[in-house]
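Protein chains: 2
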Amino acid sequence: MKNYSIKDIAELSGVSVATVSRVINDNGRFSEQTKQKVLKVIEETGYNINYSAKSLRMKKSFTIGIIVPDIQNYFFSDIVQKIEKILFELNYSTIICNTGRDHKKEKSYIQMLKGRDIDGLIVISGVEKFSLDSIHNEKSIPYICIDREPLDKSDTIFISSDHFSGAYMATQHLIDQHCLHPICAFENANSTSTAQRIEGFKRCLEDNSILFDKENSLLQVSVQNLHNEEQLFPKLNKNNVDGIFAVNDYTASHLMLNLNKKDSIVPKKIKLIGFDGSPVCEFTNPSLSSIHQDTEKIAILSVEYLINLINKKTSYGQTKIVPVDLIIRKSTEMNNNLC
Amino acid sequence: MKNYSIKDIAELSGVSVATVSRVINDNGRFSEQTKQKVLKVIEETGYNINYSAKSLRMKKSFTIGIIVPDIQNYFFSDIVQKIEKILFELNYSTIICNTGRDHKKEKSYIQMLKGRDIDGLIVISGVEKFSLDSIHNEKSIPYICIDREPLDKSDTIFISSDHFSGAYMATQHLIDQHCLHPICAFENANSTSTAQRIEGFKRCLEDNSILFDKENSLLQVSVQNLHNEEQLFPKLNKNNVDGIFAVNDYTASHLMLNLNKKDSIVPKKIKLIGFDGSPVCEFTNPSLSSIHQDTEKIAILSVEYLINLINKKTSYGQTKIVPVDLIIRKSTEMNNNLC
DNA sequence: TTGTAAGCGTTATCAA
DNA sequence: TTGATAACGCTTACAA
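In order, the protein sequence lines correspond to chains A and B.
Here the numbering used here is used: the first residue of the first sequence is 1, the next is one more, and so on.
Here the numbering used here is used: the first residue of the second sequence is 1001, the next is one more, and so on.
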């Protein structure tokens, strides 16, 4: 079997290439008879569209790029998978670009995506503010930013979970569970969303008249080194910490492992809550309270707005905030049932 | 900024398009002087290669497709991410096709990938034996099967973890930990790898003179319904089950949640071991023993052989088995320290 | 309703 | 060392 081209189909069905093209794309007029004839030949030959040629001609590739830091991360793979599913149903191909948080790799990927004439781009999270790096004009690719602030908001549509409120809810929950000295744990505060979560934490303390000071209310940890982290307990004890809001489940779950290594102090002495709502929450011991992000909604919105942007059906410069939910599990349970 | 083409670059640097192409691809001869001139213009204009045109002309797309059931699954996302990383370094783009285990979606994806003139394909796991569906001839796309048997072994290279030995090791470990009545738990045995794991379990029982019978040695569970599974305990009690080899960590971890819901019977009454070596093993309580798959090795081998296949540097019909490791954690610990 | 032909941006052949 | 040009497979005026 050779690779048939539209020209072969034209010859085999005794019509011109133009007609074949019209039939394939159901565009323009042709008789039912020719249509059947052509379709039959296409069926028989197993003809396959050549997208390179089509893209070249139409300057449109039916391809969407996704820039994502790390598909190993549950939240990212969840959202990517959902976006991909929706796009597939819309007949778009997806090129997933896993940057590994490497700025050079990101640049390089964007270069490649541009060269492939992608119709649109979805940027998920990441450290710096995002910019497509091209002079702002009609040639630039429509893109959507999820959980990552664009350098220029008028360039794009910004979609984000309500990180601030989520963090606020988490912190308030700790306080409601009688935590007097809650702190916020994180690995780094580089990303937009982490920064917002920390802000939410801070605001909640203030609203509850609890002193927030950078030195003692924030705890920077390195998950990699957590298992041989000697300084953790002294730090916690010094400030009488009885509640920890970790900015994501990854940090929270590792923290829990460490805290409970010798004695089970979560939730008895320290209550712990994470952020993301990942599956690991169910498996930790005790199970981990968390803030659940609505990835389904984020995925749907992202695709919807991107497609609208591509078809110029909506305007740039919008911001969409997606609500989050507090999921209460055992890691923040009160000590009613102490023996 | 318009999108510059090679023609623009040619004009701006006062040479022909042919020369520009030669410089860009460093192929053919040209003077150092022209090279510098052209490179300078490229730099200044921010010229970007048009891959559609290049692919169309060269019948080569510098793109590799990956067919994968579900990137939510840790093992898959791990391996996909590693493959993608290696391919990126080799200047290949990757199109990740998440089939959701949907046969029609898979077909549709393969159609699309063919239309994009992909240079090669990596197929990861999946239910049925894989076939590219094209008459076997020179036009077919080189592909690698990971953990999924090809319909025709002479068509491809088959790379797989040593599922059989892994399962054998897991089962032997249960027996070494004094389990007298081990069983094997799984959701379904559709995939090649699961079937092999069950085989390994079976053989190990036989080698240890433990009776294997389909009815009582195998336990089919539905993770979805596990939390309200009433029949689980009667089944286990009936056969005096004291050890469970679950064919993957996903099943194992959910099983553990269920088994320990009321009393902690793992590992005291029942020892439990999984397969995959996913991160969740560290978080379950008790931590989950498992068989670790060497995804790094699998990824490296896959890319290496695929590239060789593309460049006709190796031959079809090979099979590569990648060794696995037994990781012992608390879920299979013996009851020395009973109080 | 159908056909002809130009052109999308490359690479590669052939000639200079 | 360079340049002119055909060809890759497709869509789309424009013509018939």
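Using N, Cα and C, we set each Cβ at its ideal position, and we do this for glycine too.
- Identification of chain A residues near S1055 (chain B) by a Cβ-Cβ cut-off of 7 Å yields S52, ordered along the chain.
- The Cβ atoms of I6 (chain A) and G65 (chain A) lie no closer than 7 Å to each other.
- Judged by their CB atoms, S1125 (chain B) and D1147 (chain B) are nearer to each other than the 7 Å cut-off.
- P150 (chain A) is classed as buried because its beta carbon has at least 16 other beta carbons within 10 Å across all chains shown.
- Rounded to whole angstroms, the gap between the alpha carbons of S1287 (chain B) and C1281 (chain B) is 6 Å.
- Taking a contact to require three or more Cβ pairs closer than 8 Å, the region 55-69 of chain A and the region 20-27 of chain A do not qualify as touching.
- With the rule of 3 Cβ pairs closer than 8 Å, the region 212-228 of chain A counts as touching the region 242-254 of chain A.
- Against L1257 (chain B), the close residues of chain A are E282 and F283, in the order they occur along the chain (beta-carbon pairs closer than 8 Å).
- For S1290 (chain B), the enclosing beta strand (DSSP E) begins and ends at S1290 to Q1293.
- Assignment of V123 (chain A) by DSSP, reduced to helix, strand and coil, places it in the strand class.
- What K1105 (chain B) touches in chain A, judged by beta-carbon distance under 8 Å, is F88, going in chain order.
- Taking 7 Å as the CB threshold, E84 (chain A) lines the interface with chain B.
- At least one CB atom of chain A sits nearer than 7 Å to the CB of S1253 (chain B).
- Below the 7 Å Cβ cutoff, chain B contributes Q1072 as neighbours of D78 (chain A), in chain order.
- The region 1027-1045 of chain B makes no contact with the region 1094-1106 of chain B; the number of CB pairs closer than 8 Å stays below 3.
- Under a criterion of Cβ atoms nearer than 8 Å, the residues of chain A adjacent to R1116 (chain B) are, in order, Y51, S52 and S93.
- Where T1019 (chain B) is concerned, the enclosing alpha helix (DSSP H) starts and stops at V1017 to N1025.
- Separation of the CB atoms of V1247 (chain B) and D1294 (chain B) is rounded to 18 Å, and the pair is thereby denied contact status at 8 Å.
- Between the C-alpha atoms of L211 (chain A) and Q231 (chain A) there is a straight-line separation of about 23 Å.
- Within chain A, the residues whose beta carbon sits less than 8 Å from that of S1061 (chain B) are S52, listed in sequence order.
- Within the DSSP bridge table, the entry for A1299 (chain B) names no partner.
- Among the residues of chain A, those whose CB is under 7 Å from the CB of N1048 (chain B) are Q111, K114 and G115, following chain order.
- Under the 7 Å criterion on CB atoms, N98 (chain A) is classed as interfacial with respect to chain B.
- Contact between D242 (chain A) and K262 (chain A) does not hold, since their C-beta atoms are separated by about 18 Å, which reaches or exceeds 8 Å.
- Under DSSP, I1118 (chain B) forms no beta bridge with any residue.
- For P234 (chain A), the enclosing alpha helix (DSSP H) covers residues L232 to K238.
- In the assembly as shown, G317 (chain A) is an exposed residue. Its beta-carbon has fewer than 16 other beta-carbons within 10 Å.
- Excluding sequence positions up to five before and after S154 (chain A), its CB lies within less than 6 Å of the CB of Y316 and G317, all in the same chain and listed in chain order.
- Under a criterion of Cβ atoms nearer than 7 Å, the residues of chain A adjacent to Q1081 (chain B) are, in order, I71, Q72 and N98.
- Residue state for T94 (chain A) is assigned as strand, using DSSP reduced to three classes.
- Collapsing the DSSP output to three states places K1320 (chain B) in a strand.
- Within the DSSP bridge table, the entry for D1276 (chain B) names B:H1292 as partners.
- Of the candidates B:N1239, B:N1258 and B:Q1072, B:N1258 places its Cα closest to the Cα of V1223 (chain B).
- Only residues of its own chain outside the window of five on either side were considered, and among them A167, T171, C184 and F245 have a CB closer than 7 Å to the CB of F201 (chain A), listed in chain order.
- For the options A:L301, A:P279, A:S302 and A:V80, the alpha carbon positioned closest to that of I291 (chain A) is the one of A:P279.
- Here DSSP, grouped into helix, strand and coil, assigns Y250 (chain A) to helix.
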